[in-house]
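So the structure is just underneath, and the comments pick up after that.
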Amino acid sequence: MHFCKFIPVFVASIVIATQAIASGACDDFYARLPNVTRALCETAKLQPTTIRSVRGRPIYMRDTGPQDARLRVLVIGGMHGDELSSASVALHWIDLAQAVPGQTLWRFIPALNPDGLFSRPSRRVNANGVDLNRNFPTPNWERDAAVYWEKRTRKDPRRWPGKKPLSEPESKLLHEEMQRFKPHLIVSIHAPYGVLDFDGPIAPPSRLGRLYLDQVGIFPGSLGNYGGVHKGMPVVTIELPSALLTPRDVEIKRMWLDLQQWMGDTMAPSVMAQGPVSPSRKSP
1 MHFCKFIPVF VASIVIATQA IASGACDDFY ARLPNVTRAL CETAKLQPTT IRSVRGRPIY
61 MRDTGPQDAR LRVLVIGGMH GDELSSASVA LHWIDLAQAV PGQTLWRFIP ALNPDGLFSR
121 PSRRVNANGV DLNRNFPTPN WERDAAVYWE KRTRKDPRRW PGKKPLSEPE SKLLHEEMQR
181 FKPHLIVSIH APYGVLDFDG PIAPPSRLGR LYLDQVGIFP GSLGNYGGVH KGMPVVTIEL
241 PSALLTPRDV EIKRMWLDLQ QWMGDTMAPS VMAQGPVSPS RKSP
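Using this note's numbering, you'd call the opening residue of the sequence shown number 1 and step up by one each time.
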């Protein structure tokens, strides 16, 4: 029998296996996350990347929007595993992005830190005890990160930056996505301070929904410092009011609409003036 006859069967097997993995993710997310139905998760059609967490859990991703869109936005939830609401809001936003297709290509990573998220109890840090939001290669990380952790946080174990930048598979994944996807904007969803933070070279949004701008500064290894300050890639950091409860659905939608309004007013004109840049369609 010719080898080519086996190819459709092989491809079908891969598709079935991927669907089974995504279905398992929805079982986990539905059981763990607030305000997430099984239907909401299944509608998101999450796809596993080839990079797994420290404990071997899949890290899921979803693209939605035209692949040739000029404006590209990367949305991250669950960087801190005990901020469950951040992953929930990311899943709700996938649903909103699919419901009203626009001219933006969105790439969602709803749960960057699955080991922390699915621990009992959930943990801010990953399985190696590293705060992923201290693990990015900001300038002078080797000099500043340990000093900041020792002096400013008094060696808080919840904020340990790790032994070196990008030491963790989860932070490596996000770093590679920044290079591969070439986003014009990163939105990082956190909790529970109830404010809106921003790092980057453009005018920030003054509010998203009920969250008002309150720029809290930068620190070694943070995504805002690395992306917004060092790389000039604007980073909107959303701090939801609660780590365990999401805002009401109407507020989740209001934040989404306000974000798009700001993007249209502030980012779209300059982006549209640029030549097209094609991101990679392949996840790592």
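Using N, Cα and C, we set each Cβ at its ideal position, and we do this for glycine too.
As the structure is a computational prediction, the values presented were derived from the model and not from experiment.
State the Cα-Cα distance for the pair residue i and residue j, rounded to the nearest angstrom.
| i | j | result |
| --- | --- | --- |
| G209 | Y193 | 14 Å |
| D82 | R124 | 5 Å |
| Y226 | P137 | 7 Å |
| P220 | Q47 | 31 Å |
| I76 | L33 | 15 Å |
| E42 | L259 | 24 Å |
| R333 | E170 | Residue 333 cannot be examined here, being either before or after the span of the chain that is shown, 1 to 284. |
| I59 | G78 | 11 Å |
| P247 | D199 | 24 Å |
| F118 | R52 | 14 Å |
| P110 | D28 | 13 Å |
| W160 | Q179 | 25 Å |
| Q215 | V195 | 9 Å |
| F181 | P66 | 13 Å |
| P114 | W262 | 30 Å |
| R158 | S122 | 12 Å |
| A145 | R154 | 12 Å |
Does the Cβ of residue i have 16 or more other Cβ atoms within 10 Å, making it buried, or fewer, making it exposed?
| i | result |
| --- | --- |
| I14 | Residue confidence for I14 is low, a pLDDT of 38 falling below 50, so the modelled location carries little weight; the figure read from the coordinates is stated next. Counting Cβ neighbours within 10 Å, I14 comes out exposed, since fewer than 16 surround it. |
| E142 | exposed |
| L257 | exposed |
| A31 | exposed |
| S270 | exposed |
| T237 | buried |
| Y212 | exposed |
| P139 | exposed |
| E150 | exposed |
| F10 | Only weak support is given to the placement of F10: the predicted model assigns it a pLDDT of 40, under 50, and the question is left unresolved by the model. |
| T50 | exposed |
| V147 | exposed |
| A20 | Note that A20 has pLDDT 49, beneath the 50 cutoff, so the model's placement of it is unreliable and no number is given. |
| G232 | exposed |
| D156 | exposed |
| I16 | In this prediction, I16 scores a pLDDT of 41, lower than 50, which makes its location untrustworthy; no coordinate-derived value is stated. |
| V100 | exposed |
Spatial neighbours of residue i within its chain, please: C-beta separation below 6 Å, excluding the five flanking residues on both sides.
| i | result |
| --- | --- |
| A44 | R62, L91, I94 |
| H80 | R124 |
| C26 | R38, C41, E42 |
| F108 | R62, V75, A90, I94 |
| T64 | A97, Q98, W106 |
| K172 | L166 |
For residue i, collect the residues of the same chain with a Cβ closer than 7 Å to its Cβ; drop the 5 residues on either side in sequence, then sort them by chain order.
| i | result |
| --- | --- |
| A243 | D82, E83, L84, S85, A191, P192 |
| I218 | D199, G224, N225, V229 |
| N35 | S88, T246 |
| R254 | G209 |
Return the chain-ordered list of same chain residues with a C-beta closer than 8 Å to the C-beta of residue i, the five sequence neighbours on each side being excluded.
| i | result |
| --- | --- |
| T266 | I202, A203, P205 |
| E168 | V54, N126, N128, V130, L132, N135, G162 |
| H230 | T138, P139 |
| T112 | Per the sequence presented here, residue 112 reads as Leu, with Thr not at that position. Result list for L112: I59, I76, G77, G78, M79, L132, E170, L173, L174, in chain order. |
| R152 | F219 |
| H184 | L71, R72, V73, M233, P234, M267, V271 |
| D249 | N35, H92 |
Runs of beta strand (DSSP E) wholly within the stretch 25-82 (minimum 3 residues, chain order) = 47-52, 58-64, 71-76
Cβ contact check for the stretch 150-167 and the stretch 178-193: 3 or more pairs under 8 Å = no
Check whether the stretch 103-110 touches the stretch 63-82, counting contact only when three or more Cβ pairs, one atom from each stretch, lie closer than 8 Å.
-> yes
Residue ranges of each beta strand (DSSP E) within the stretch 158-219, 3 or longer = Runs of the beta strand (DSSP E) lying entirely within the stretch 158-219 and spanning at least 3 residues, in chain order: 185-190, 195-199.
At which residue ranges does the stretch 211-270 contain complete beta strand (DSSP E) runs of 3 or more residues, listed in the order of the chain?
-> 235-239
Within the stretch 82-167, ranges of the beta strand (DSSP E) (whole runs, at least 3 residues) | 104-109
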